[in-house]
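Peer 1:
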Amino acid sequence: MLQVLFGDPNEKKVTRYTGLVNQINALGTDIKGLSDKDLQDKTIDLTKKINKSSDFKAILPEAFALVREASFRVLGLRHFDVQLIGGMILHEGKIAEMKTGEGKTLVAILPAYLNSLSGLGVHVVTVNDYLAKRDSEWVGQVPKFLGLSVGLVQEGMTQQQRKDNYSKDITYTTNSELGFDYLRDNMAIMLQDIVQRPFNFCILDEVDSILIDEARTPLIISGAVDSREDKYNRANEISQLLERNIDYDVDEKARNVLLTDNGIIKSEQILNGQDLYDPTNPWAPYLLNAIKAKELFIKDVHYIVKDQEIIIVDEFTGRIMEGRRWSDGLHQSIEAKEYVPIQSETQTLASITYQNFFLLYPKLSGMTGTAKTEEAELDKIYSLEVITVPTHRPMSRKDLPDLIYKNQYAKWRSVADECLDMHTLGRPVLIGTTSVEKSELLSSLLKEYGIPHNLLNAKPENLKREAEIIAQAGRKGAVTIATNMAGRGTDILLGGNASYIARNTITSLLIKGASQNDLSKDQQLKKLFTFLYEKIDSSRITDKELEYKLAIACEKSFTEDRLVITLRAAYQVLVEKYDQLIELERQNVVSIGGLHVIGTERHESRRVDNQLRGRSGRQGDPGSSRFFLSLEDNLLRIFGGDRISNLMDALRVEDDVPIESQLLNNSLESAQKKVEAYYYDARKQLFDYDEVLNYQRQAIYSERRRVLESINLRDWVIQYAETTIFDIAQPSSNQNINRRDYYAQQLKKIEDLLGLPYSLDLDYFLSLSPLEAENFLSKQVRIAYDLKESQIELIEDGLMRELERSFLLQKIDSAWKEHLQSMNALRETIAWRGYGQKDPLIEYKNEAYILFTSMVTNIRHSVTYLIFRSQPILKV
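Going by full-length UniProt numbering, the letters in the sequence shown line up with residues 1 to 876, in that order.
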């Protein structure tokens, strides 16, 4: 009603950018007439303007027009007007919601180029290494062409490589690499070990996936500690003897388990009467984790077993997460369950949540196809406004009503039947499944039906062909099963993707040794490949080097390498050849209805369902989508599927007859909203609690950075020592104690700590006013420090400065590590305060403040003790 009266508020926001779009278009004709060299000189001119005024708005039209022209020259792609709007939204530090296939990757280079002119660096963050590499190599050619530097940070890079790449004008990387590098930088011992520059501007691709889905768990750097392998194995054995709903209850909504009284008694009997909750030898955490591993963490759904190792599967992207582990002993419990080697327990050395990490950027923006459903959270936590960008062509996809079956068997048979029908028609089909297990179940079913298909899930052998599988998923009759479509990054083009086919053909012929029969029909190709075979044989180039050269050949950047030039010529000939074939196939696929998307289960988040649907109907293409569900699916089972099942039984509905009901669809959407609200509360709680720790983290990290950047820390350590001495000389709070005896003891402590060669005069000290006493003690500290310094400098010049830095960093790091353990313990127990009618968060803040001040005092005292009590050994 309000929208009818006042108009669509989103449309009004988008209309604001029309004037700037017109300005960019007006500049297009002049810029089109410039030479490549003139375009590159424009970058230098714009940089000078920014350095003078820092007014990005004044140069935005010219910068965007430059990027659009450079993009057309280098990539053959010219930004649509809606893409220019998306770029402006990102530049303003907002979220641009753009449907799948609208060219978000190309949009990102507009604000990235503009903001990098300041020389402060821009980070473009993707959800995985593959996308970061692809984007830097592909669209990264545009800023390179315009004279800017482009970097890429990936897993496995050396410290120097990371530093070099972070120093570039635009750096592509992943959210996890970026976050872990930040934590590692704040553990660095030397200033030159820091790889990142101060943060400036960040563009997040799949922003909802990073800021919402991944924000449930913090980034943690851990160090190994002694592990209790025997306890994990024993707890796993006990968990197998306990029965669900008798010995323990499972809360699937909260993903938690709780031992019943019966379960506690039974477990303690098995353990020969040991108390599960004995503080000196607790069994409860091990047992609860073992039950969670048994009931809530399923092989080929939440993790896979590869080379005797448990590897987590990301539920939102369907990818394996190498190097990531569940915390608090859960990973070890799953290792015990699967009978693989149990790795050491870990202790947190540094941690940060994605929420607080990305809020470190002065300017943050993001793009995705699905953010509107979460705009309240994005605004509340990150102050990010979501603006929906209209599609370049009208959307023509048909989203068909869900079909709900009584059981899993009937559902999967119907999915297979639908695939067979579509495959027979020649329509390409994309089937989304929620786990590795389900994708392999469907794959085996399609084999029974004799339907050729491609399988894409978290298993490494399938991931290797990811780009190729997705790129060709739009070919006539293609059937593709994928665990999840978030962050796949490759468009599904109807009829196929000529560039991928061309690249794969070259790879097959030159690297995999495929048959050369097709070459004899094309004399131009035959000559090119004859030269390539000769060149490869004579230069003894490795397959890896050839793959690298092929990647360069598929770009349009300048090169003098004859092999790359010939590879590029072969690639372009093949692209032209396949383009003609694909256009005919594309028209055929369009005529029969385009890509059909099948969802096999509703996800907990509506966004993930929308991401799957969004793969069809790209750029105005025809398409359709339908979800096949069963009452045994997790979401329906947890949120009232039994009531619907009873109704179906009462109406005597056959197992293979589906229900198609708007009421049920509304019920499902309501269930999804409940789950989204639950997870939002969990993320909000994590954010609220981590915000307390974040203030402390920033204080410690800035103190640490000052230590690294300071040349001389003498005054710093003297200040620490003075504060420590003042703490010792504080008046006693005990009124009954003898003042003279008390200060005699305290002055003796000060003498011992400072290592003074003389005794302090008690009578003289007692005669001083408080201010005079402070001045007197400060003087003693400086005398003692001068003596200690002269001692140490006899060994080696500059040794005192090195000791100061070493002791400060050592004590800050060890105290922070212990503080994180204390804060974690506090976080786990603070909820009990709620039973005493106290707000746990306020209690947490108060207790955290006490712990922090105690830690800071401990650092000061420890550094003072180490400096003054260090005994130099003079080598003869």
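Using N, Cα and C, we set each Cβ at its ideal position, and we do this for glycine too.
Going by C-alpha to C-alpha distance, which of Pro428, Val415, Gln472 sits closest to Val449?
Peer 2: It should be noted that the sequence gives Tyr, not Val, for residue 449. The residue with the shortest Cα to Cα distance from Tyr449 is Val415.
Peer 1: So the candidates are Asn175, Gln160, Leu106, Asn236; which of them puts its Cα closest to the Cα of His123?
Peer 2: Among Asn175, Gln160, Leu106, Asn236, the Cα nearest to that of His123 is on Asn175.
Peer 1: Would you please state the rounded distance, in angstroms, between the beta carbons of Gly755 and Phe852? I believe it to be under 8 Å.
Peer 2: Gly755 to Phe852, Cβ: 30 Å. No contact.
Peer 1: Just checking, does the segment 73-81 make contact with the segment 365-373 on the three C-beta pairs under 8 Å criterion?
Peer 2: The segment 73-81 is not in contact with the segment 365-373.
Peer 1: Per DSSP, what are the beta-bridge partners of Gly151 in this structure?
Peer 2: Looking at the DSSP assignment, Gly151 forms a beta bridge with Thr171.
Peer 1: Could you check how far apart the C-beta atoms of Leu455 and Ser443 are, in whole angstroms? I think they sit under 8 Å.
Peer 2: Indeed they touch by this definition, with Cβ atoms about 5 Å apart.
Peer 1: Do Ser630 and Tyr405 have their beta-carbon atoms positioned less than 9 Å apart in this structure?
Peer 2: It is a contact, given that the beta carbons lie within the stated cut-off.
Peer 1: Please state whether DSSP places Phe776 in a helix, a strand or coil.
Peer 2: In this structure, Phe776 counts as helix in the three-state DSSP scheme.
Peer 1: Tell me the DSSP secondary structure of Thr346 in three-state form.
Peer 2: Here Thr346 sits in strand by DSSP.
Peer 1: Can you tell me which of Leu494, Gly19, Leu532 puts its alpha carbon nearest to the alpha carbon of Thr507?
Peer 2: Cα-wise, what sits closest to Thr507 is Leu532.
Peer 1: How is the alpha helix (DSSP H) around Asp41 delimited, first residue to last?
Peer 2: Per DSSP, Asp41 belongs to the alpha helix (DSSP H) from 36-53.
Peer 1: How many angstroms separate the CA atom of Arg325 from the CA atom of Trp283?
Peer 2: Looking at the two C-alpha atoms, the distance is approximately 22 Å.
Peer 1: Identify, in the order they occur along the chain, each residue of the same chain with its Cβ nearer than 6 Å to the Cβ of Thr47, setting aside the five sequence neighbours on each side.
Peer 2: The answer, listed in chain order, is Leu117.
Peer 1: Okay, do the segment 814-824 and the segment 342-359 touch, 3+ Cβ pairs below 8 Å being the bar?
Peer 2: Taking 8 Å as the limit for Cβ pairs, the verdict is that the segment 342-359 does touch the segment 814-824.
Peer 1: Quick check for students: name the residue ranges of the alpha helix (DSSP H) that lie wholly in the segment 689-742, counting only runs of 4 or more.
Peer 2: You should have 714-728.
Peer 1: Go ahead and pull the three-state DSSP assignment for Arg869.
Peer 2: Note: Arg869 maps to helix in three-state DSSP.
Peer 1: Helix, strand or coil for Thr407 per DSSP?
Peer 2: Inspection of the sequence shows that residue 407 is occupied by Asn rather than by Thr. DSSP places Asn407 in coil when its eight states are reduced to three.
Peer 1: In whole angstroms, what is the alpha-carbon distance linking Ser222 and Glu377?
Peer 2: Their backbone Cα atoms lie some 30 Å apart in a straight line.
Peer 1: The beta strand (DSSP E) that contains residue 878, what's its start and end?
Peer 2: Beyond the ends of the chain as shown, which are 1 and 876, falls residue 878; an answer cannot be given.
Peer 1: Kindly indicate which residue of Ile59, Ile24, Lys42 has the alpha-carbon position closest to the one of Leu148.
Peer 2: Per the Cα distances, Lys42.
Peer 1: Identify which residue in Asn262, Ile31, Phe628, Leu90 has its Cα closest to the Cα of Cys419.
Peer 2: Nearest of Asn262, Ile31, Phe628, Leu90 to Cys419, Cα basis: Phe628.
Peer 1: With distances taken Cα to Cα, identify the nearest neighbour of Gly156 among Gln141, Pro143, Phe180.
Peer 2: The shortest Cα separation from Gly156 among Gln141, Pro143, Phe180 belongs to Phe180.
Peer 1: Quick check on the burial criterion: 16 or more other C-beta atoms within 10 angstroms. Buried or exposed for Gln746?
Peer 2: It counts as buried.
Peer 1: With C-beta atoms as the reference, is Asp379 less than 9 Å away from Val389?
Peer 2: Contact: no.
Peer 1: Return helix, strand or coil for Gly87, following the three-state DSSP convention.
Peer 2: Gly87: helix per DSSP, three-state reduction.
Peer 1: Under 9 Å between the Cβ atoms of Gln160 and Asp129?
Peer 2: Taking 9 Å as the Cβ cut-off, Gln160 and Asp129 do not qualify as a contacting pair.
Peer 1: Check whether the Cβ atoms of Val340 and Glu295 sit closer than 9 Å, and answer yes or no.
Peer 2: No. Outside cutoff.
Peer 1: Tell me whether Cys554 sits in a helix, a strand or coil according to DSSP, three-state version.
Peer 2: Coil, per DSSP.
Peer 1: Do Ala671 and Ile638 come within 9 Å of each other at the CB atom, strictly closer than that value?
Peer 2: In this structure, Ala671 lies closer than 9 Å to Ile638 by Cβ.
Peer 1: Could you compute how far the alpha carbon of Cys554 sits from the alpha carbon of Leu131?
Peer 2: C-alpha separation (whole angstroms): 16 Å.
Peer 1: Pull up the distance between the alpha-carbon of Asp491 and that of Thr158, whole angstroms please.
Peer 2: Looking at the two C-alpha atoms, the distance is approximately 32 Å.
Peer 1: Which value, in whole angstroms, describes the spacing of the CA atoms of Trp138 and Val564?
Peer 2: About 16 Å.
Peer 1: Hey, Ile170 and Val195: beta-carbon distance below 9 Å or not?
Peer 2: Taking 9 Å as the Cβ cut-off, Ile170 and Val195 do not qualify as a contacting pair.
Peer 1: Can you give me the C-alpha to C-alpha distance between Ala112 and Thr480, rounded to a whole angstrom?
Peer 2: Spanning the two alpha carbons is a distance of roughly 34 Å.
Peer 1: Can you tell me whether Ile711 is buried or exposed, with buried defined as 16 or more other CB within 10 angstroms of its CB?
Peer 2: It counts as exposed.
Peer 1: Distance, Cα to Cα, Gly101 vs Glu338?
Peer 2: Using only the alpha carbons, I get a separation of about 41 Å.
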